[in-house]
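Quick note: the sequence shown uses the numbering used here, first residue 76, plus one each step. Using N, Cα and C, we set each Cβ at its ideal position, and we do this for glycine too. Right, one structure below, let's go through it.
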Amino acid sequence: MKEYSVLKNVSDLTRPDPYFSGEAGFVGSALQGLHRDMCAFELPASLPDSVRRSHDAVRHAYIYAYFSYDLLTMAASQTLPCLELALRERIGHQFAGRVDKRGKPRPVMLDELLKSAKKQNLISSEIEHLSQLRNMFAHGSDTVLNPPMFLTTFEIVTDIIRELYISQQV
76 MKEYSVLKNV SDLTRPDPYF SGEAGFVGSA LQGLHRDMCA FELPASLPDS
126 VRRSHDAVRH AYIYAYFSYD LLTMAASQTL PCLELALRER IGHQFAGRVD
176 KRGKPRPVML DELLKSAKKQ NLISSEIEHL SQLRNMFAHG SDTVLNPPMF
226 LTTFEIVTDI IRELYISQQV
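Have a look at this one:
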C-alpha cells in the first residue's frame with residue numbers, strides 16, 4: 076500500500092495537486108480557470124475592509140487549491156464565517172447588550188443574523204440551509220468537495236453580502 080504524505084515536499088509545492096493534474100479523482104480545472112472563477116465574485120469597494128479581506132481569503136484559498144486540494148475544503152469552511160462577519164458588520168449593532176441568564180454577553184449567531192436581515196428586507200436570498208452548512212464545517216467534516224459544489228454556496232454567500240450592502244447605499 077502506497078503511503079500518502081499530507082505535507083508536500085518543498086520541491087512539489089508549485090506542482091498541481093493530483094486532483095487537478097488528472098492523476099487522481101477527476102481532471103480538474105487549470106489554474107487560470109480557478110482564477111477566472113473567482114474574478115466573478117468581486118465585492119464592491121464600499122464594503123468594510125474586514126469583510127473584503129475575509130472574502131478575498133476564501134477566493135485565494137479556492138485558487139490555491141490547485142496546488143493543494145485540501146484548501147478547497149478550507150475555503151468552503153470559511154465561506155459562512157465570512158457571511159457571518161458581513162452580517163455582524165452590517166446589523167450586529169442591533170443585538171448589542173444582549174445577555175444570557177447569568178448576565179454574560181450573548182453573541183448573535185448566524186441563523187439569527189440571517190433571519191433578522193431577511194425580516195428587515197435587507198436580503199431576499201433563500202437562507203434556510205446556510206446555518207446547517209456552517210455547522211457542518213464548524214464542527215468538523217470529512218466532506219470532500221469539488222469546485223462546482225464549492226462555487227454554488229460561494230455564489231449564494233457573495234450575492235447575500237452584495238445585497239446586504241447595496242441596500243445600505245440606497
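Under a three-way DSSP split, which group does residue i fall into?
i       : result
Pro-119 : coil
Met-184 : coil
Val-81  : coil
Asp-234 : helix
Met-76  : Per-residue confidence for Met-76 stands at a pLDDT of 49, beneath the threshold of 50, marking its modelled position as unreliable; the derived number appears in the next sentence. Correct three-state label for Met-76: coil.
Asp-87  : helix
In angstroms with no decimal places, state the Cα-to-Cα distance between residue i and residue j.
i       : j       : result
Arg-165 : Ser-191 : 11 Å
Val-85  : Phe-142 : 12 Å
Leu-160 : Val-126 : 6 Å
Met-211 : Gln-107 : 30 Å
Arg-237 : Ala-115 : 13 Å
Ile-138 : Lys-179 : 41 Å
Val-258 : Phe-95  : The displayed coordinates of the chain run from 76 to 245. Any statement about residue 258 would go beyond what the structure contains.
Leu-109 : Ser-129 : 18 Å
Gly-172 : Asp-124 : 25 Å
Glu-201 : Thr-228 : 11 Å
How far does the alpha helix (DSSP H) with residue i in it extend, from its first residue to its last?
i       : result
Asp-124 : 124–139
Thr-154 : 145–166
His-110 : 106–114
Phe-95  : 93–96
Roughly how far, in whole angstroms, is the beta-carbon of residue i from the beta-carbon of residue j, given that I think they are within contact range, below 8 Å?
i       : j       : result
Thr-154 : Val-133 : 5 Å
(message) Would the segment 119–136 count as touching the segment 168–181 if we require 3 or more Cβ pairs under 8 Å?
(response) no
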